[in-house]
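Residue numbers (my numbering), protein chains in the order written: chain A, 1 to 183; chain B, 1 to 711.
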Ligand code: SF4
Ligand code: SF4
C-alpha cells in the first residue's frame, strides 16, 4: 500500500520519503532544515507542532537546533518557512493524510507555513476512505483534517498553481518505527 | 424575449475570451473526469448519494433538528431560519456582540444567495473573499459565473489589471506571480480578521459536524484564525449519517475538478480551541429559503440531492458558449435556472429557462442524479400556467390539436412553399410552420407525404405486425425514411401498418410548456396506435419514441387525465426505436446485409434523446458496420447539434455556433457521409451543410441500411 500511496501522493505534487527509525527521521528533518538554510530569522525559521512524534523521541534531542522552535503561535507560523507536524493516517487510494487537528498549533504549522513536513507512522496506511471512516469519529475528534498534496488553485485561466494560501511543498515522511494507531 | 436578454447573450457569444476559455475547459474536462472516475462504479456511487440525500430531504425538519441538538451538545450555537433576512440580522448581531470589524470568507454560495457581503459592508464591516476566484470577482465588482470556478470567465490580463490596481503596482500576466500577490495580500487579512464566514459542503445530523472542501486551504484558515466562526449552511447540505460523507467525498472532487480528492477536507464538530487557548465562538446557521417547500414538491424534491459540484455546467453546450452571467447573478447554468426559480422567484427564470436545449448531457454526469431538463420543463409548464401561452404559440397549438386541419396545412405548405424552395430546402416558411419545423435551412415539405405513399407499398401479410409511428417530420418532410423503414421490416417478414389517425407526438407543445395541448396529442395517438393489434409500435424519430415511451403517461398524469394511463403504459411497453428493433432482427438472423463490399468511411452523430433518454448508441453503430461501412468516430459525437425543437428559431444565435461546431467535427473525420437516427438532426445538419457547402451527405441510418439489404 505504501507504493500505491506514494504514487498517488506524488501524482498530486507531494514528496514522499520513508525511514526506519525515529532517529533516522530526526536526521532527515535536520538535514532538510539545513539544506533549506533554516536559521533564527523571520522567514527562514521552522516550527514544530506538539504531537506523538515529539513525545516519542523527546524534545531534548532537538533542543538547540538553530532556527527550530516548538512555539507555534499564529505570528510565528505565518512567518515560518517550514512547519512540522504529525499525521495519523495515510489513505492509499487518494494519497491523502488524515489527522485530528483540534489543537490549533497543528493546523497553524500545516496551514500557514511555506513547506509542510508531515510525519506518519508507516503502519497507519489505510486502503481507502471506507476503512478510514471506521477509525475516525467526530465524537472525539473535533477537527479532522485531510491533506492531499500542497495547496493549489486553478482559478486563473484554469492554470494549476501551487501554494496559494497553504504550503507550496508537502513533504511526507513515513516512519516505520513509529508504530500505529497513535494520535 | 426581452431585448436586454438577447443582448447579454450576444455579448457573451462575442466575448472570445469567455467562449475560448470555456470551450477549452469543457473539452479537457470530459477526458479528465473520465480518468478520475476510472475503476469506480459511477451509477452505484450516485445511486447511494441520491438515496441518502433524498432520504434527508424527505424529513428535512427532523434531520435539521437532530443536527441542531447534536451540534449544540458539542458547544456550537445553531440558528435555524426560513428567512434570508433573518440570516443577515443574525450574523450582524453576532458581529456587533463581538466587536467584529474585519471578516474573512471562504467561498459560500449560500452567502451569495442572500447577498450577505452588501449587508456587512453597509454596517461598516470589511469583508474579504479569500477563495482566489471569489476574491478576483470581488475586486472586479462582479458575480461568480460558475459555482466551482467563479472567475473562469476572466483572462490573466484582466486579473493582472485588477491586481495591479489593488497593490498599486504594474503587474504582468505571469500566473504564479499573480497567485503570490494574492497570497501576500490576503495573508494579513486572515491574521487580522475577527470573524470567519464559511459555507459547508456537507452537514451531518448524526454527529453535528460540518464538512468543508477546498483546494486552496483558505477554509482551514477562515475556521482557524478568527475567534468567531459562522458557517452558513443551506439545509440541502444535511445528511443523516456520518458514513454518507464517504460517497459524497468520492464524487464531489471527481465531478467538480476531476481530482480524486481536493487538497483539504475539514470535518468540524463543535468549537475547537483558538490559538490563545480560548474556545472558538462557533455559529452554524441552517438556512431554508424555500428549500423545505422545494422538498415538498414532488417535481423538485430531487433538486435537494445536488452536491453543487458544477459538472452540469461543465458539460452543458449552452453554458460553454455563453458562460454564467447570462443566467443571472447567483446560481448559473441548468441547475442555476432551477435554483433561481425557487430561491428568487419563478418569474426570474422566465427568460433563462429558455436557454436549456434539453440535450440531457447534465443528467448523464450529475452525481446527485438530478434530472435537470425535466425540472426545467416543469418550470416552463408552470410559467405557462401562470401567464398563459404566448398568442402565436397558442394559434399554432390550436392547429396542432386538430389533426385534419394540421395535416391539411402541412399539405398546403408543400404547395405554398414551392416559390421559396431551393433544392430540398425552404428558407422562409409561413410563420405557423416555421415554429413547428424550424432549423437553419428548413426541409421542403414533400410532394407526397408518407401517409399517401404507404397504401401503395406492397407488403407481405404475415402474423407479425408493427405499427409505424412516423411523426410529422418523417411523414411530411422525409417520407423516404418511412419507406426505408417499411423495407427493412418487410424483409424480416413483418407487416408495417400505418394508422391514418396518428398525429403530432406533442413534443413541440410539451417542450413549450403547453401540457394541455400535448395531453390531447397523447390521447389521440394512443387511441390511433393501439387500435391495431400489433407486436410493436416502431418509430424512426427518437423524440417521438421518447414521447410514446415516456412522456405520454407523464403528461396525461400532469393534467389529470388519468383514464388514459393504463393505455399509455400499454403503448409505452410496445414502443421501440427502429435501430434497436433492426439490431434485434439482425441478431436473430431474420435480416442480413450484402457482403463483400467496402463502402468507405462513415461517421455517426448521436441524437440527444436516443443516446441519453433511450440509452441507444451501440446498435446503430454496429448495424452500419455490419452493412459494410467503416466507422470513424467524430469528436464529441454525442454533443447536441443545436436543433432542440423550436430552439433553433428562438435562439438562433446559440443554435448556430453549436451547429457550426458539429459540422466541423463531422468534416474533421474525413468521412463524406454522416449517419444519424433522428429526422430532427437530419434537418438541422443537412440544413447546415446546405449553407456550408461541404460535400458531406447526411442520412438517416434507416435509409443506409435499407440500401444494403441482401436480396
Ligand atoms: S445538479 Fe448535479 S451536476 Fe449540477 S451541481 Fe448539482 S450535483 Fe453537480
Ligand atoms: S439539458 Fe443540456 S442544455 Fe439543458 S441544462 Fe442540461 S446540459 Fe444544458
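All C-beta atoms, glycine included, are put in the ideal place defined by N, C-alpha and C.
Between residue 43 of chain A and residue 37 of chain A, the alpha-carbon positions lie close to 11 Å from each other. According to the DSSP assignment, residue 173 of chain A belongs to no alpha helix (DSSP H) but to the beta strand (DSSP E) extending over 169-175.
Straight through space, the alpha carbons of residue 710 of chain B and residue 576 of chain B are spaced by roughly 24 Å. At a beta-carbon threshold of 7 Å, none of the residues of chain B lie near residue 47 of chain A; the nearest stands roughly 12 Å away. Excluding its 5 nearest sequence neighbours in each direction, residue 166 of chain A has C-beta neighbours in its own chain below 6 Å: 111, 151, listed in chain order. At a cut-off of 8 Å, the C-beta of residue 151 of chain A has a neighbouring C-beta in chain B. Beyond the five residues adjoining it in sequence on each side, residue 88 of chain B comes within less than 7 Å, by CB distance, of 114, 116, 119 in the same chain, given in chain order.
Contact between residue 445 of chain B and residue 483 of chain B does not hold, since their C-beta atoms are separated by about 16 Å, which reaches or exceeds 8 Å. When Cβ pairs closer than 8 Å are counted between the two stretches, the region 272-288 of chain B is seen to touch the region 228-237 of chain B, the count reaching three or more.
Using a Cβ-Cβ distance cut-off of 8 Å, the region 474-489 of chain B and the region 345-358 of chain B are not in contact, since fewer than three pairs of beta carbons, one from each stretch, lie closer than that value. Taking a cut-off of 8 Å for Cβ pairs, the region 200-212 of chain B and the region 164-177 of chain B do not touch, as fewer than three such pairs fall below it. Sequence-distant partners of residue 35 of chain B (beyond 5 residues in either direction) whose C-beta falls short of 8 Å from its own C-beta, in its chain, are 258. Nearest to residue 17 of chain A by alpha-carbon distance, out of A:53, A:122, A:40, is A:122. Nearest CB-CB separation between residue 97 of chain A and chain B: not below the 8 Å threshold.
Collapsing the DSSP output to three states places residue 268 of chain B in a strand. Those residues of the region 256-269 of chain B placed with their C-beta closer than 9 Å to a C-beta in chain A are 257, 259, 260, 261, 262, 263, 264, 265, 266, 267, 268, 269, ordered along the chain.
For residue 570 of chain B, the enclosing alpha helix (DSSP H) has its first and last residue at 565-574. Using a Cβ distance threshold of 8 Å, residue 195 of chain B and residue 78 of chain B do not count as a contacting pair. Distances taken from the Cβ of residue 308 of chain B to the heavy atoms of ligand 1 include one shorter than 7 Å.
Taking C-beta atoms as the reference points, residue 146 of chain A and residue 96 of chain A count as a pair closer than 8 Å. For the pair residue 326 of chain B and residue 365 of chain B, the CB atoms are not nearer than the 8 Å cut-off. Taking a cut-off of 8 Å for Cβ pairs, the region 18-33 of chain B and the region 49-68 of chain A do not touch, as fewer than three such pairs fall below it. By the C-beta criterion, the region 394-413 of chain B is judged not to be in contact with the region 648-656 of chain B, since fewer than 3 inter-stretch pairs fall below 8 Å. If you look at residue 676 of chain B, you'll find it isn't in any alpha helix (DSSP H); it sits in the beta strand (DSSP E) that goes 673-676. When the Cα atoms are used, residue 18 of chain B and residue 186 of chain B turn out to be separated by approximately 27 Å. Here residue 61 of chain A really is in contact with residue 26 of chain A; their C-beta atoms are around 6 Å apart, less than 8 Å. Membership of residue 257 of chain B in the alpha helix (DSSP H) is indicated by the continuous run 245-257. Scanning its chain for C-beta atoms nearer than 7 Å, with the 5 sequence neighbours on each side dropped, one finds around residue 139 of chain B the residues 162, 166, in chain order. Look at residue 35 of chain B: its C-beta is not under 8 Å from any C-beta on chain A. Among the residues facing chain B, residue 156 of chain A is included, as its CB has a counterpart in that chain under 8 Å away. Taking all protein chains in view, the Cβ of residue 460 of chain B is surrounded by fewer than 16 other Cβ atoms within 10 Å, so the residue is classified as exposed. For residue 138 of chain A, the chain B residues whose Cβ falls inside 8 Å of its Cβ are 204, 207, 208, 209, 242, 267, 269, in order along the chain. At a Cβ-Cβ threshold of 8 Å, residue 496 of chain B and residue 540 of chain B do not count as neighbours. Taking 8 Å as the upper bound for CB-CB distance, residue 682 of chain B and residue 696 of chain B are not in contact here, some 12 Å apart. Beyond the five residues adjoining it in sequence on each side, residue 583 of chain B comes within less than 7 Å, by CB distance, of 619, 622, 623 in the same chain, given in chain order. Sorting B:571, B:312, B:358 by C-alpha distance to the C-alpha of residue 611 of chain B places B:358 at the top.
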